[in-house]
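Quick note: the sequence shown, position 88, residue 88 per UniProt numbering, numbers continuous. Here a beta-carbon is modelled for each residue, glycine too, at the ideal position from N, C-alpha and C. A quick note: this is a predicted structure, and the numbers were derived from the prediction, not measured.
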Amino acid sequence: GDTSRKHVEQMRLQLTQAEGFAEAAREELTEIRKTVVDLEAAAAAELSRRAALVSLLSGEITQSESETEAVVASMEELRSKLTSDRRHFNQKLSRLTQQSELRAAEEKAALEAKVADTARRAEAKLRAERTRLAVRYANQSGKSTPSSARSNSPNPMLTSDPEYAP
1 GDTSRKHVEQ MRLQLTQAEG FAEAAREELT EIRKTVVDLE AAAAAELSRR AALVSLLSGE
61 ITQSESETEA VVASMEELRS KLTSDRRHFN QKLSRLTQQS ELRAAEEKAA LEAKVADTAR
121 RAEAKLRAER TRLAVRYANQ SGKSTPSSAR SNSPNPMLTS DPEYAP
């Protein structure tokens, strides 16, 4: 009797304690499940935030790549234009240089012709002046000097020989 009652009470007490432990375990399990749900929600939110950030960065990278390609294309176009302009200006410079050299050669030839013509006219005037002076000298000297002596005269006005030049 008594022992079995004690034993039953002890078992009831153990059962009550076990039920308390089970209730505490259920509450703890509920808290753990709630924490897991909260952590899953936080992880999903973080994944969503990171996915949005990756999408944003991907869009910016794509836009930056497009802008870079546009800048590179523009630079290539400018380089091509500069090359074309340089070629054009070099051709123009070459043409102008040739024209300038041709003009200079023509002007030089014209000046040389003018100098030669002026020299011929000056020589003709000098010969005429020599003849005039020779006639005048001969008229002043009279007929006493032979004509051969007059033609060999060292008079600088009557000769173009540098030996007799003043």
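So, with DSSP's three-state summary, where would you put residue i?
i, result
"residue 142", "coil"
"residue 223", "Residue 223 is absent from the structure shown; the chain starts at 1 and stops at 166."
"residue 1", "coil"
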